[in-house]
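A quick write-up on the structure given underneath.
Right, dumping it as structure tokens:
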């Protein structure tokens, strides 16, 4: 049986590169030979045991590669094509998918709705920090890479670009809106770019790391606030002349950022939450106007599926945005444990790493 | 100077009927002679000092009456016409109004956004538990009562019908949705009616008072749950075969109802909050799927303005709904203190009272 | 090879009952044994050669039946279950499906968008006026019938209920809207019901056949206009006090109904078109306010897929609506030619026929 | 009585500069002293008698100026402030305004809906090609110009920027959409900018004038097609690999552009019409998929009101877009007849003229 190298979750604080069988595929699946992938903040949560996955699971959910083999039922694609798949791989045929909520796809309940059910790679099935990955429901999930785009140019599409943009989309950013983005990691930076892409006027980024704040300006932030240099809420209210923001995007997953995001909203505004939280959240009575403020609080899991990926690559191909600068470090798959070491500790100004098998 | 009788907030736990001058009106205002009004749960919060208003203010925000006098600038109406005005009286010309958020109208800030700013009657200006009331921005707020509708038939339009329906509207109830409504007071009952009006299939009402549960069934609830008879979340999950509800409407304003509403949502569902809260809210981590459930939490202040009122009366006139049964007791304005006594203690199965000056 | 009876398009003006092989199924398909089906107005267009299909094709797109056999890849269903499938059978995995436009699904073009591509039964593949039908993409399209609903109660779900309701949904009917429905055939009647279900106040039906006008009133029309008794536009403007309607639903497919629907719209209103047209349409300059009226004209193909079907059956199960009265005549499959004869000539007050193999 | 200079419609083909009294203002109005204005394509329609206005009316609907005087009821502004007002001046208090359709504001009918009713300047009341203009409903319509923006930088906000952007907004352009814009006059160019601002990927501009095509590329077009160099529809289908566009924006007002816009739509796509038509339109049966294509056709009148203006200026202030290059020629008000001569004949590559009193 042919084997491959794969980054495997062994136990808390141990993800190691090991040999595994190359995946078998079913009739609706594809086997993709990976050419580039990356490590996500969520993988660090997995590494630390904060998000539970099965021991022995291959980690990773951001695949760029080449179709190695197609299941008997898969039409419209051919072997050898360059493709990506989203971090979230909806089936297309669940009730959740069919009512427009494909990230919450999943077979777990009678009617096909299951929270986070659409996230399969490196969560409920083997992921893509490996030489090969099985892509389920291939017809819904394989998306051809335009010839003129490199692997690194599309590497952000499967997760952080889709997630970050969705922060602006679910916040329903409109032309001329004022938007604040709390935390400028890769997701927050993509949220800045997404807010810009949707027509926001004033875009306020909040962080304290200089390199991130600089990139935020490059991607569209008109103002950047260092939260260590004074009260964030007061600073934003001053920038907005006391009006508050139309949309506040939370991109970290803490009480502090969530609460600040709520406090800077204008009445009728929207808090668009992207962060993965690790404890209960509190909504202060005054910040919520006792329930009478016409507020909206929305959370979003990364949208996936081939049409989403096609659209994101279309934006890149049109030259509207370039996220390649987020790739600050490159590793061979053989050195992925070193990559985890660097990325997990956020050393050396790392934003995203490119891993090449 | 001509005087009138009016229910006035004197101090905590004291609202009394007293004599006051009949209001002067400005060029954009109307003076309305009240023929029927009512007491709202919010007025009880005011009575108890839980919601602060100025001493001496006339209470009440649900006016039905006759135009007594029009300001010099008011066109399109004439004296003697039967009218209602919404509890919320948007100006029409604030930035909030002009971007579709008219309940959050208000002059308080530079750009015209202020939480709850659209609620003026019995909050920031004299209200309508009186013989006369000044209606500000009359052209935006007076709405003619169709001849074939009685005062009591339209008495719910200014607040509870508009608020309750907005719970279903802001929850974006769709044809075939499953909806749960937590607490079946007047607002919750109108939310049931609103969910039905927007095409929900299964509608689950939650309360423990028999009369309310009975009225809920009359207004469209397909299931009614007594929260004292077992775990509410489990009961709703059983009714929905483990799927959860598409929209959960909170109509009380407590942690318990808010949290249960969140827990019964399907992934991607919407918690539509109508209650007035009196303390911070907690969002449990699991109920929020750690931020990855594509949830929506929206709060709403009663929509007002003459177009809203016209539409609500249109629904009543078309025979789609009859809320008159909610009026369980009738009082003269002279006896309003007794009405507060009854309503404040929820005696004698009271739902809504009609007050006639 | 086992055979079955099926209604086959032979040539213009000839649909005959004949013997055909029972369909083979692929791994993603289901074979359904039909228990009830019906004839649609579109089938009459096919019969008359106005809508082209392949000779030898089995006609019919409204299946109610029992799962006879499941493809190897189909999960979540079992043989013997009672099911319906929509007239439109989206794959779930095309780009069209994945961006929320599943009726326009189809393999015909590079990116998976093709007009009417989602309509397969009795159009591009064999339909269901037969003893058995192959349901493609079964996981996306089979929908379980609740035990307490009869075949006839759900017989309208696959097409006319879904189509008629979509007229109100795509018109975005809101609480208190005024709606006009032009032509009260089965689709128009379902549009009336849909407008009512979405909260319209005034609903004006337009036709000239008494039985249809009577059923329209039963399903929610507050006014019914006989277009032979005076100018339709003038009558509707009179009913609406010169204001016009918020939403006009066209349910026939002629210049006359289309144009009248446009002329009765208030500025900013929506013409929701359901009819199948057979010639070019003209938009009169004045009716279109020279392009400055903020009008919306939307057309819709019947929404399908199992989630849509589940929701429609949910509405029926909740007792909100009963369309069974639309079934005015019943035939055995053996007598389907007689059924075509009756339905095609609209004899004997026929609305819908039930065909039982 | 103080007089001023104003460009007046005398009769077909004659707009002349004449003396008129400086306007009186009512309590809700403002008098604005103009500092810059411009001529719109619509004014040319008026000049040619194609759009009827009263003889003696002052033309012009794009005001930039300084508050000279405020009506007694106007709050929140002070004399001497630099302001713009939109071409459309909604009252804020009509039913149309209160249901979100403020461009169709107007007192003309019982319920306050009237096509084009919100367009008053240079249409139903005196316009702003003059030294002074009366702004009705000043509180809803005056919008302060940020200090750092020049007159010419905001000169496009009142009409062409608002109109052009609305083409993209009403077309609901989404991230990654493919958009075609038919005709690249000032409105079409702003539609290109609007499509870009809302996140379109591929943007295809259609025209034949080189300078316009060049500016279109600067404002965001990824492709430009010369309609004289081959079949437009075929060219666009080739660029989109046979898929068609998600949104087609019509910015001229002819059968040819309208029909081409419809023909390049993907199934489910939207034709967003901005042009002012001068004859009936024809919808070809095949282009409309016989009514089964899930198409949307929307028309839009320029959105106005102070919040809209604030947002457009916010976009300019944030540096997202610079429309000043559209101003190709400058004239004194005294020379406005020469400006009409130049602009009306589209001489000398004129795009927009700036007129300074």
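Chains as they are written, first to last, in this note's numbering: chain A, 158 to 514; chain B, 158 to 514; chain C, 158 to 514; chain D, 158 to 514.
All C-beta atoms, glycine included, are put in the ideal place defined by N, C-alpha and C.
Rounded to whole angstroms, what's the CA-CA distance from residue 393/D to residue 351/B? Just pull it up for me.
As a working mapping, residue 393/D is identified with position 236 in the fourth chain. As a working mapping, residue 351/B is identified with position 194 in the second chain. Roughly 46 angstroms separates the two Cα atoms.
Which residue wins for smallest C-alpha separation from residue 378/C, given the options 337/C, 401/C, 402/C?
For the purposes of this step, residue 378/C is taken as the residue at position 221 of the third chain. Nearest C-alpha to residue 378/C: 337/C.
In terms of DSSP beta bridges, what is residue 362/D paired with?
Residue mapping note: residue 362/D aligns to position 205 of the fourth chain, counting from 1. Beta-bridge analysis with DSSP links residue 362/D to 338/D, 381/D.
Quick one: what does DSSP say residue 389/A is sitting in, helix, strand or coil?
Here residue 389/A refers to the residue found at position 232 when the first chain is read from its first residue. Of the three classes helix, strand and coil, the one that applies to residue 389/A here is helix, per DSSP.
Anyone know if the C-beta pair for residue 299/C and residue 240/C falls short of 8 angstroms?
The residue given as residue 299/C occupies position 142 in the third chain. The residue given as residue 240/C occupies position 83 in the third chain. Yes, they are a contact pair.
Name the chain C residues that come within less than 8 angstroms of residue 358/B, Cβ to Cβ?
The residue given as residue 358/B occupies position 201 in the second chain. The contacting residues are 468, 471, 472, 474, 475, 477.
Using a beta-carbon distance cut-off of less than 9 angstroms, what residues from the segment 326-340 of chain C approach chain A?
Residues passing the 9 angstroms Cβ filter: none.
When you check each C-beta in the segment 305-329 of chain A against every C-beta of chain D, which residues fall closer than 7 angstroms?
Listed in sequence order: 322, 326.
Of all the residues that make up the segment 341-352 of chain A, which are near chain C by a beta-carbon distance shorter than 9 angstroms?
Here the close residues number zero.
Just to confirm my understanding: we take residue 160/B, look at its own chain, exclude 5 residues before and 5 after, and list those with CB closer than 7 angstroms. What are they?
Locating residue 160/B in the second chain gives position 3, where the first residue counts as 1. Cβ neighbours of residue 160/B beyond the five flanking positions: 176, 177, 178, 179.
Spell out whether any CB of chain B is found under 8 angstroms from the CB atom of residue 354/C.
Locating residue 354/C in the third chain gives position 197, where the first residue counts as 1. Closer than 8 angstroms to some Cβ of chain B, the Cβ of residue 354/C qualifies, so yes.
Endpoints, the beta strand (DSSP E) within which residue 429/B is located
Taking the second chain and counting its residues from 1, one reaches residue 429/B at position 272. In this chain, the beta strand (DSSP E) harbouring residue 429/B covers 422-430.
For a cutoff of 8 angstroms on Cβ pairs, would you count residue 294/B as touching chain D?
Start at 1 with the first residue of the second chain, and residue 294/B comes out as number 137. With 8 angstroms as the cut-off, residue 294/B counts as an interface residue toward chain D.
For residue 489/B, collect the residues of the same chain with a Cβ closer than 7 angstroms to its Cβ; drop the 5 residues on either side in sequence, then sort them by chain order.
Working through the second chain from its first residue, we reach residue 489/B at position 332. The residues are 513.
Secondary structure of residue 176/B, DSSP reduced to three states
Sequence index remark: in the second chain, residue 176/B carries index 19 (1-based). Three-state DSSP puts residue 176/B in a strand.
By the three-class DSSP mapping on this structure, what secondary structure does residue 302/A have?
Working through the first chain from its first residue, we reach residue 302/A at position 145. Coil.
Is the segment 315-323 of chain D close to the segment 204-219 of chain D, with three or more CB pairs under 8 angstroms?
Yes: at least three Cβ pairs fall under 8 angstroms.
Using a Cβ cut-off of 8 angstroms (strictly closer), state whether residue 199/B contacts chain C.
As a working note, residue 199/B is residue 42 in the second chain. So, not an interface residue.
Need the endpoints of the beta strand (DSSP E) that residue 348/C sits in, please.
Taking the third chain and counting its residues from 1, the one referred to as residue 348/C is at position 191. Bounds of any beta strand (DSSP E) do not take in residue 348/C; it lies within the alpha helix (DSSP H) bounded by 343-354.
Say whether chain A places a C-beta atom closer than 8 angstroms to the C-beta of residue 195/D.
Your numbering for residue 195/D matches position 38 in the fourth chain. Residue 195/D has a beta carbon lying at 8 angstroms or more from every beta carbon in chain A.
Which runs of the beta strand (DSSP E) at least 3 residues long sit entirely within the segment 230-278 of chain C? Give them in chain order.
Fully enclosed beta strand (DSSP E) runs of 3 or longer: 239-241.
Can you tell me which of the three DSSP states residue 312/D falls into?
On the fourth chain, position 155 is the one that residue 312/D refers to. In the three-state scheme derived from DSSP, where H, G and I count as helix and E and B as strand, residue 312/D is classed as coil.
Since residue 379/C meets chain B, which of its residues come closer than 8 angstroms, beta carbon to beta carbon?
On the third chain, residue 379/C is found 222 positions in, with the first residue counted as 1. Here the neighbours are 475, 476.
Would you please verify whether the beta carbon of residue 285/D is less than 8 angstroms from any beta carbon of chain B?
In the fourth chain, residue 285/D corresponds to position 128, counting from 1. Not closer than 8 angstroms to any Cβ of chain B, the Cβ of residue 285/D fails to qualify, so no.
Quick one: what does DSSP say residue 518/A is sitting in, helix, strand or coil?
Lying before the first or after the last residue shown, residue 518/A is absent from chain A, which here runs from 158 to 514.
For residue 251/A and chain B, any beta-carbon pair shorter than 8 angstroms?
Numbered from its first residue, the first chain carries residue 251/A at position 94. No, no contact with chain B.
If you check the beta carbons only, do residue 433/C and residue 199/C fall under 8 angstroms apart?
Within the third chain, residue 433/C is the residue found at index 276, counting from 1. Within the third chain, residue 199/C is the residue found at index 42, counting from 1. Yes. Within cutoff.
Residue of 193/A, 408/A, 452/A minimising C-alpha distance to residue 447/B
Start at 1 with the first residue of the second chain, and residue 447/B comes out as number 290. Comparing alpha-carbon positions, the option among 193/A, 408/A, 452/A lying closest to residue 447/B turns out to be 408/A.
Using a Cβ-Cβ cut-off of 7 angstroms (strictly less than) and excluding sequence neighbours within five positions of residue 303/A, which residues of its own chain qualify?
For the purposes of this step, residue 303/A is taken as the residue at position 146 of the first chain. The residues are 470, 474.
Residue 403/C by DSSP, collapsed to three states: which one?
Within the third chain, numbered from 1, the residue matching residue 403/C stands at position 246. If DSSP states are grouped into helix, strand and coil, residue 403/C belongs with the strands.
Cβ neighbour criterion (16 or more within 10 Å) applied to residue 453/A:
Residue mapping note: residue 453/A aligns to position 296 of the first chain, counting from 1. Taking a 10 Å sphere around the C-beta of residue 453/A, we find 16 or more other C-beta atoms and assign the residue as buried.
What does the alpha-carbon distance come out to for the pair residue 223/D and residue 243/B?
Along the fourth chain, read from residue 1 onward, the residue named residue 223/D stands at position 66. Along the second chain, read from residue 1 onward, the residue named residue 243/B stands at position 86. Roughly 36 angstroms separates the two Cα atoms.
Cross-chain neighbours of residue 297/B in chain D, by beta carbon under 9 angstroms:
Counted from its first residue, the second chain places residue 297/B at position 140. Neighbours of residue 297/B on chain D, chain order: 248, 249, 250, 251, 254, 255.
In chain B, what lies closer than 7 angstroms to residue 463/D by C-beta?
Within the fourth chain, the letter at position 306 stands for residue 463/D. Scanning chain B for C-beta atoms nearer than 7 angstroms to the C-beta of residue 463/D yields 252, 255, reported in chain order.
Could you give the DSSP three-state label for residue 486/D: helix, strand or coil?
The count along the fourth chain starts at 1 and reaches residue 486/D at position 329. Reduced to three states, the DSSP call for residue 486/D is strand.
Cutoff 7 angstroms; reference residue 186/B; Cβ partners in own chain excluding five residues on either side
For the purposes of this step, residue 186/B is identified with residue 29 of the second chain, where counting begins at 1. Excluding positions up to five away in sequence, the list reads 228, 291, 292, 293, 295.
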